[in-house]
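Single-structure report; data block below.
What follows is the structure, given as structure tokens:
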């Protein structure tokens with residue numbers, strides 16, 4: 011289903027020869043309308059890949075007719091020539107579709123610092139355009155994989171409309187092991203300002219709260235395209251719920267597939283003075299290599315949780331901190347609580363609950379453990 | 011030589027039975043004067059161990075007659091009873107030495123969240139006091155080891171005076187794999203205000219620029235004690251140089267002994283608008299797990315350097331960034347530069363030079379690579 015679940019979208023995924031081997035590496039998603047309203051959120055890294063610079067400009071116009079995505083090269087840190095490559099890619103798509111390049115978004119993922127093989131890529135656009143179909147969502151999701159072991163797709167039904175999506179990568183919106191790319195589609199009728207508002211709200215509580223290794227890519231992009239083909243103008247609050255559900259589903263898939271991870275860790279911060287404080291604490295804890303190693307070793311080391319909390323400026327009193335791991339409150343009032351031997355850390359899913367005893371707010375940040383496999387995957391080859 | 015290199019100090023290190031096995035685990039350092047001026051810097055973690063809270067108070071008085079240190083337990087997150095344990099330890103030392111507890115500093119390192127075995131510890135103080143000697147510096151340095159594979163000691167001669175020191179741990183002043191504890195001694199004649207100024211300046215450019223894994227301990231402590239026994243009142247600028255040299259020597263030893271590390275990485279940031287910017291960039295790069303894995307794999311992945319730089323708010327233009335690894339400028343003007351195959355990453359020491367092209371300032375931050383051995387050491391047991 012993926013991006014072609016909603017009416018008005020066609021997609022394709024092909025092997026253009028950008029990556030070595032026979033894997034698909036080029037995806038095309040086309041919005042057949044009648045509307046082509048769109049919104050996007052991009053990496054906050056100040057070093058932005060050429061396709062991010064290009065697509066941010068396209069999206070600022072509020073309209074996207076097509077998205078072309080490639081794996082096998084990030085086109086980041088490639089200078090003015092790299093930007094020309096992105097521009098040429100958009101022009102090629104526009105030419106093949108009889109459209110305007112100004113409404114063609116481009117996404118790339120792969121190694122930083124190398125130019126893309128443009129001959130292969132441009133020839134691949136022809137092949138992809140010829141294969142565009144209402145069934146092409148799965149092939150497109152497959153084509154954007156890099157170290158992903160599976161394709162990530164999701165969809166949800168709203169009241170008379172549909173939201174679909176595909177994603178690749180592992181990590182937070184500002185990740186991670188690999189770039190995160192995500193294209194969301196809907197056949198709801200909705201203007202680009204509302205799309206933008208909904209997308210920002212949805213990503214803020216999903217992709218933005220994934221933090222697998224604290225690293226931030228140069229290429230992260232999440233696009234939301236509306237065809238209006240259902241003719242249904244949704245209730246905005248409902249629409250936000252549906253888009254958020256699709257984002258949460260994809261975010262969960264990214265987390266579970268994070269490179270080398272053996273545990274999916276939810277860091278649930280409660281009793282915070284503000285949501286910002288809760289997120290700050292969750293993120294600090296999610297970035298503690300020591301804690302991530304302990305969870306990998308199935309050691310309920312609450313001292314490493316507390317010492318990560320202590321590095322933040324969130325409102326809390328060290329003597330009123332409570333920490334539970336998988337439901338056992340092993341730290342109470344900043345000191346040892348229930349018997350740590352009661353904590354069962356064998357399941358893949360681990361929940362660490364941190365009660366700041368400072369207010370009514372909460373937030374959950376998701377991360378993974380730190381494993382020798384992560385080190386191996388990220389030291390044994392360039393990515 | 012260690013802390014007993016300067017005149018006026020005695021030390022001892024004994025097996026008090028705090029740690030399992032026959033290793034030494036209790037150290038005592040005594041300042042026989044005539045002066046007992048002192049200064050200290052402590053962890054910035056808001057969750058502070060009992061001995062940190064105690065010693066900060068002692069040091070605020072400007073005088074320290076003795077320092078008692080234990081491995082085998084951090085006495086952190088132990089509540090009011092843990093603080094009473096620290097107090098009782100200081101009282102015991104004071105009693106044995108015929109001194110005041112208000113001038114006895116206490117340092118602890120080991121697992122967080124567990125009470126110390128006070129019977130063993132207090133009995134150990136008697137044994138240590140009986141063994142105090144001018145030759146005890148090595149035994150003291152040995153007794154504060156946790157996962158340290160070697161004792162860390164250093165000393166330097168000034169004009170008519172000496173500065174010595176011992177340390178344990180691996181990481182920055184706000185570390186790390188384990189707590190960092192450091193006791194520096196001098197027989198120079200110098201008041202506590204000047205000691206404080208010198209110690210802050212010296213640690214700011216040494217221990218503060220070590221960042222092995224971005225984690226911050228609850229127990230980090232650096233103390234500087236002056237006996238005045240040489241009768242020499244040093245030139246302050248010279249004294250700062252000597253103290254900085256001792257700190258730099260110890261910091262280097264911590265780095266080389268960092269848990270599981272196979273590379274010592276110097277991140278040299280040049281062309282910065284300010285020293286703060288240079289440190290910010292160096293620290294961000296030193297905390298990139300992806301880069302640390304790449305260096306472990308001997309992959310000169312400058313894209314991971316640049317994308318870590320891009321997460322900071324330092325002044326720089328992405329198109330003017332230059333990056334060298336071991337002297338080869340593989341990124342010039344934000345894009346690929348010299349041939350990356352020229353970079354030799356086989357030596358243990360790796361230098362990454364980042365030219366921000368934004369000003370005249372520079373700073374170097376030291377870190378290590380991220381290895382499967384690090385993961386193993388930090389997942390296989392509680393620490």
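Protein chains in written order, with our numbering: chain S, 11 to 393; chain R, 11 to 393.
C-beta atoms are modelled at their ideal positions from N, C-alpha and C, and glycine is treated no differently.
Keep in mind that this is a model prediction, so the values were computed, not measured.
With residue i and residue j assumed to form a contact (beta carbons below 8 Å), what rounded beta-carbon distance in angstroms separates them?
i                      : j                      : result
residue 336 of chain R : residue 354 of chain R : 6 Å
residue 142 of chain S : residue 22 of chain S  : 5 Å
residue 82 of chain R  : residue 29 of chain R  : 4 Å
residue 345 of chain R : residue 88 of chain S  : 6 Å
residue 202 of chain R : residue 48 of chain R  : 6 Å
residue 196 of chain R : residue 55 of chain S  : In fact, because the Cβ distance is near 46 Å, the residues do not count as touching under 8 Å.
residue 255 of chain S : residue 147 of chain S : Contact flag wrong, Cβ pair sits at about 18 Å.
residue 319 of chain S : residue 295 of chain S : 7 Å
residue 376 of chain S : residue 284 of chain S : Not quite, the Cβ-Cβ distance comes to about 20 Å (not below 8 Å), so this is no contact.
Is residue i helix, strand or coil by DSSP?
i                      : result
residue 334 of chain R : strand
residue 144 of chain R : coil
residue 372 of chain R : strand
residue 58 of chain S  : coil
residue 14 of chain R  : helix
residue 417 of chain R : A query on residue 417 of chain R cannot be resolved here, the shown segment of chain R reaching from 11 to 393 and no further.
residue 289 of chain R : helix
residue 311 of chain S : coil
residue 283 of chain S : coil
residue 93 of chain R  : helix
residue 192 of chain R : strand
residue 117 of chain R : strand
residue 295 of chain R : helix
residue 229 of chain R : coil
residue 352 of chain S : helix
residue 125 of chain S : coil
residue 164 of chain S : strand
residue 156 of chain R : coil
residue 341 of chain R : strand
Given a threshold of 16 other Cβ atoms within 10 Å of its Cβ, counted over all protein chains shown, does residue i qualify as buried or as exposed?
i                      : result
residue 32 of chain R  : exposed
residue 233 of chain S : buried
residue 244 of chain S : buried
residue 379 of chain R : buried
residue 114 of chain R : buried
residue 44 of chain S  : exposed
residue 116 of chain S : buried
residue 269 of chain S : buried
residue 328 of chain S : buried
residue 290 of chain R : buried
residue 352 of chain S : exposed
residue 286 of chain R : exposed
residue 373 of chain S : buried
residue 239 of chain S : buried
residue 246 of chain S : exposed
residue 35 of chain S  : buried
residue 170 of chain R : exposed
residue 317 of chain R : buried
residue 118 of chain S : buried
Taking C-beta pairs closer than 8 Å, name the residues in chain B that residue i reaches, listed in chain order.
i                      : result
residue 124 of chain R : Protein chains in the displayed structure are S and R, and chain B is not among them.
Sorry if obvious, but does the Cβ on residue i come closer than 8 Å to a heavy atom of the ligand NAP?
i                      : result
residue 303 of chain S : The ligand NAP is absent from the structure shown, which contains no ligand whatsoever.
For the stretch 45-65 of chain S, which residues have a CB atom closer than 7 Å to at least one CB atom of chain R, in sequence order? For the stretch 45-65 of chain S, which is checked against every Cβ of chain R, the residues closer than 7 Å are 55, 56 and 57.
What are the residues of the stretch 275-303 of chain S that lie near chain R, defined by any Cβ-Cβ distance shorter than 8 Å? Those would be 297, 298, 299, 300 and 303, in chain order.
Looking at C-beta atoms only, is the number of pairs between the stretch 201-221 of chain S and the stretch 254-265 of chain S that lie closer than 8 Å three or more? yes
Taking 8 Å as the threshold, find out whether the stretch 166-176 of chain R comes into contact with the stretch 101-108 of chain R through three or more Cβ pairs. no
In the stretch 79-104 of chain R, which residues sit with their C-beta less than 9 Å from some C-beta in chain S, listed in chain order? 84, 86, 87, 88, 89, 90, 91 and 92
Going along the stretch 144-161 of chain S in order, which residues come within less than 7 Å of chain R, judged by CB to CB distance? none
Taking contact to mean at least 3 C-beta pairs separated by less than 8 Å, is the stretch 125-136 of chain R in contact with the stretch 361-369 of chain S? no
If contact is defined by three or more beta carbon pairs under 8 Å, each pair taking one atom from either stretch, is the stretch 373-387 of chain S in contact with the stretch 62-81 of chain R? no
Could you please tell me which residues of the stretch 366-390 of chain R, in chain order, have their CB closer than 9 Å to any CB of chain S? 379, 380, 381, 382, 383, 384, 385, 386, 387, 388, 389 and 390
Give, in chain order, every residue of the stretch 26-41 of chain S whose Cβ lies closer than 8 Å to some Cβ of chain R. Taking 8 Å as the Cβ-Cβ cut-off against chain R, none of the residues of the stretch 26-41 of chain S qualify.
Can you pull out the residues from the stretch 112-141 of chain R whose beta carbon lies closer than 9 Å to at least one beta carbon of chain S? Within the stretch 112-141 of chain R, those residues whose Cβ lies closer than 9 Å to any Cβ of chain S are, in chain order, 121, 122, 123, 124 and 125.
Mind listing which residues of the stretch 325-341 of chain R have their C-beta closer than 9 Å to chain S's C-betas, in chain order? 326, 328, 329, 331, 340 and 341
Inter-stretch contact (C-beta, 8 Å, three-pair minimum) for the stretch 59-66 of chain R and the stretch 93-101 of chain R: yes
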